Structure formats: structure tokens, C-alpha cells
Amino acid sequence: MIYSMTAFARKQLKGDWGTAVWEIRSVNQRYLETYFRLPEQFRGLETKLKETFRQRLERGKIECSLRFEANSASSTSLSMNKELATQLMQNAQWVVDQMGSGEVNPVDILKWPGVMQAPEQDADAVSAELMAGFQTTLNEFVEARAAEGANLAVFIDQRLVSIGEQAAKVRDFMPEVHAWQKARILKKFEDAKVDLDSTRVEQELVLLAQKSDVAEELDRLDSHISEARNVLKKGGAVGRRLDFMMQEFNREANTLGSKAINTDITAAAVECKVLIEQMREQVQNIE
1 MIYSMTAFAR KQLKGDWGTA VWEIRSVNQR YLETYFRLPE QFRGLETKLK ETFRQRLERG
61 KIECSLRFEA NSASSTSLSM NKELATQLMQ NAQWVVDQMG SGEVNPVDIL KWPGVMQAPE
121 QDADAVSAEL MAGFQTTLNE FVEARAAEGA NLAVFIDQRL VSIGEQAAKV RDFMPEVHAW
181 QKARILKKFE DAKVDLDSTR VEQELVLLAQ KSDVAEELDR LDSHISEARN VLKKGGAVGR
241 RLDFMMQEFN REANTLGSKA INTDITAAAV ECKVLIEQMR EQVQNIE
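If you read the sequence shown in this note's numbering, its first letter stands for residue 1, the second for the next number, and so on.
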């Protein structure tokens, strides 16, 4: 299986602590680069996130963001330490009684440290839930890359089939080309009213055949087609390998075009170059 470097995944999480949204997106890149946008209280997760990406991905520019909204109800509800408040009131009233004047201010009792308490969220527990949600998001993200990669593999294989068809056409043309070359040489001798020397004719035909022989280029095209299919079948991080192969394909197509001596072969060479360029553009998106 091959993987595209272009993908997106989004996951919303809900808990007693509030809500969170993970988003992961990527585009093609020569190497693996990761960028994070995290709330300050979860900045410590970045190292773990980087390592997780490194274990699952090979290439691509990855942008990962987390939006976090704490549960306002749980964060604003307060609880009272009634035992401490009772002790404070008793002690404060004793002081008032001793002084013979004044009164106990309830607000002052409530302001005393420890009397009113806001529930503290378990940061480790929240982080654990967020990381579990991240793993789910990452799994969906990798699946999206795989689905797009499968589409790219089909696209490339279709172009490989078409290149093979063009190579087969050129092979079919070659006997006709050789016959045309022979007739052309004989016509030249005839027009020049030169006595036909079988050895001379044979030499001319050999020279022309060498200049127009594309068998080697066609064989290499077939070999590249076979190798490209093997690479696609093997899967994994094959983008760089396929990119190199596109250069090899293009080299053979250029040579084929330079040796073309009739419009049919020229058209086949041009079509091959178009197909190769289409593959090369898509290969840039493969991990």
C-alpha cells in the first residue's frame, strides 16, 4: 500500500472536563516536518506528539492543532469547607466577645484561605484522554492518506498501461519503417541512375537502421513499467523511488522522440511524455 502526503482528519472529544477538537492536515514535503498549535496548558504534549508522528509517517508537512474549552459549569462551581468555616466563626466570635465590641463579618470568613474551594481537574487524566483522542484522529488521518494513495496507485497504473500500449505501437510500426527505409534508399539510387551495388545498399540500410533503431529504448520502457508496478505493489514510503523512475522514463521517451523518423513514432513519443508528466505530478504527492 502506498500513502498520499495530502490528507486531513478532525475529531471532537467531550468529557466532564469540557470539549476538545483535534485537527491534522498535511501536504507534500521532501522530509517529515511537524508543526503544532496547542493550548499553553498542554504544551507539554508536543514531544510525545512529535514522536508518535515520527513512528507512523515518513514524509510530509504536518500541521496538528488542538482546541480546548474547559467545562464552565465545573470550573465555576465552588465547595465550602464547613468544618474550617465553623472553627473560624467560633474563634472570631470568641475574639469579639473578649473585645466587647464588633461583629463577625461572614464575607471575611468566606475569604479565608481554604474555606471556599474550586474543584481541580486532574491534568494527567485530561491529558490521557486527549492523547487517546489524538491516536484515534491519527488513525483516521493515516487511513485518509492510504485511501488517497490507493487512488494515486490506480492513476499511475493506468498511465503505465498506456505507455506500454504506445511502446507496442512503435514495435508494430518498425517493420513498416524498415521497409520504407529500404524503398527510399533504392529510389535514391534509381533517381541518381547509379548501378545498384548490393554491398553498398546493405551498408546504407545498416546505417539507417542503427540511427532509427529504438528497440533498446522500448525494452527499457518495458523494464521501467515492470519495475514501477513492483514498487507500487511493494508499497510503503516509495515516493522518492518513483520520482527517480519518472526521470528514467522521461529519458527513454526523449531518446525515442529524437530517433523518430515518421509521424506515428513521433506521436507515440509525445504521448509517452504526456503520460510520464502526468505520473510525475502525482508522484510528488506520494510519501
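The beta carbon of each residue, even a glycine, is placed where N, CA and C say it ideally should be.
Source: prediction; values computed, not measured.
query                                                                                                                             : result
Own chain residues within Cβ distance below 7 Å of residue 15, not counting five before or after                                  : 129
Boundaries (first-last residue) of the alpha helix (DSSP H) holding residue 282                                                   : 263-283
Distance between residue 84 and residue 36 (C-alpha atoms, nearest Å)                                                             : 45 Å
Helix, strand or coil at residue 114 [DSSP, three-state]                                                                          : coil
Candidates 100, 86, 267 and 124, of which the one nearest residue 109 by Cα                                                       : 86
Beta-carbon contacts of residue 105 that lie in its chain and below 8 Å, excluding the five residues immediately before and after : none
Classification of residue 217 by the beta-carbon crowding that lies within 10 angstroms, buried from 16 upward                    : buried
Nearest to residue 283 (by Cα), restricted to the options 90, 156 and 136                                                         : 156
Through-space distance from residue 267 to residue 168, alpha-carbon basis                                                        : 13 Å
Element boundaries [beta strand (DSSP E), containing residue 46]                                                                  : Where residue 46 is concerned, there is no enclosing beta strand (DSSP E), although the alpha helix (DSSP H) it sits in stretches over 46-56.
Given residue 269 as reference, the closest of 249, 280 and 286 once Cα atoms are compared                                        : 249
Cβ contact (3+ pairs, closer than 8 Å) linking the segment 37-49 and the segment 86-95                                            : no
Close Cβ partners of residue 153 (< 6 Å) along its chain, the five nearest in sequence each way excluded                          : 2 and 232
With 16 other Cβ atoms within 10 Å as the buried cut-off, status of residue 22                                                    : buried
Reference residue 247; option with closest CA among 235, 228, 258 and 166                                                         : 228
Under 8 Å between C-beta atoms of residue 275 and residue 163                                                                     : yes
Three-state secondary structure assigned by DSSP to residue 29                                                                    : coil
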